[in-house]
Amino acid sequence: MSDLHELSVNAEVFGILYEISKELGTGLSQEELRASLRLIENGADPTALALVVKQLKEEVRRMKAEAAGAQDIP
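UniProt numbering applies: residue 1 is where the sequence shown begins, and numbers increase by one.
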């Protein structure tokens, strides 16, 4: 398989995975999905990775809510 063809196939597969990710409501950006796939390809446990990503997203939401609340205080 030529490198160009392989890149095309990889891009198509990634596009499909990203659409599935959106349909499942993961909230992952394309960059986050790429990073997650790289981690899994390098041996990360997918279940553990999903838990860490979920916890990090919740922490970011909490911090943003706190920051917004702090801005409302005169």
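Cβ atoms here follow ideal geometry from the backbone N, Cα and C, with glycine treated the same way.
Could you pull the start and end residues of the alpha helix (DSSP H) that residue i belongs to?
i: ALA44; result: That residue, ALA44, is in no alpha helix (DSSP H); it is neither H nor E in DSSP.
i: residue 122; result: Outside the displayed span of the chain (1 to 74) sits residue 122, for which this structure offers no information.
Report back the beta-carbon spacing between residue i and residue j to the nearest angstrom; my notes put them in contact at under 8 Å.
i: LYS57; j: GLY27; result: 6 Å
Out of the options, which has the shortest C-alpha to C-alpha gap to residue i?
i: GLU32; options: LYS64, VAL53, THR47, MET63; result: VAL53
(message) Using 8 Å as the cut-off, can you tell me whether the region 4 to 19 makes contact with the region 33 to 46, which would need three or more C-beta pairs spanning the two stretches below that distance?
(response) yes
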